[in-house]
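Notes follow once the structure below has been shown.
Residue numbers (our numbering): 4 to 174.
Here is the structure:
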């Protein structure tokens, strides 16, 4: 015996709704790449963001600063799309409070529109902030108490590039 027409319509509606939900879940996330972003823009934006992140550190509390200008590699996001990696290392003076400065960075960036901040412990067991933009820029800042240093490992948002990067070339 076949179900009543109203039950069949309900069953069909529920089935179609479930199918639509399953297909939506499989759809790729919004692509954060900007069609106008190229390697130079991605690289400069990443370096500028690192400097802005470290702007909370008073100059008198910085012993040395090292920031990468180039990278010997680009990493693939997907076909013809890459990200640029870079680092920034601030060795602090002995009297600087590195853990407190990390908290100041967290406070300053937690309220920024388009950014998320996650506090965690790094794979090395030291305090770390992971700061990610809606566009796909990512900054991991570790406070190393043994060195009294703030170390930032960053990656740019994905950008389009024709061809493949050449190994050993400075980007």
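Ideal Cβ placement from N, Cα and C applies to all residues, glycine included.
Quick caveat, the model's predicted, so the values are computed rather than measured.
{"Query": "Cα-Cα separation between residue 71 and residue 53, rounded to whole angstroms", "Result": "11 Å"}
{"Query": "Option nearest residue 152 by Cα separation, candidates 48, 90 and 86", "Result": "90"}
{"Query": "Neighbourhood of residue 108 by C-beta distance below 7 Å, restricted to the same chain and skipping five residues each side", "Result": "56, 59, 132 and 144"}
{"Query": "One or two residues paired with residue 123 in a DSSP bridge", "Result": "131"}
{"Query": "Own chain residues within Cβ distance below 7 Å of residue 119, not counting five before or after", "Result": "135"}
{"Query": "Contact under 8 Å by Cβ, residue 81 with residue 162", "Result": "no"}
{"Query": "Simplified DSSP state of residue 69, which is helix, strand or coil", "Result": "strand"}
{"Query": "Option nearest residue 170 by Cα separation, candidates 130, 96 and 78", "Result": "78"}
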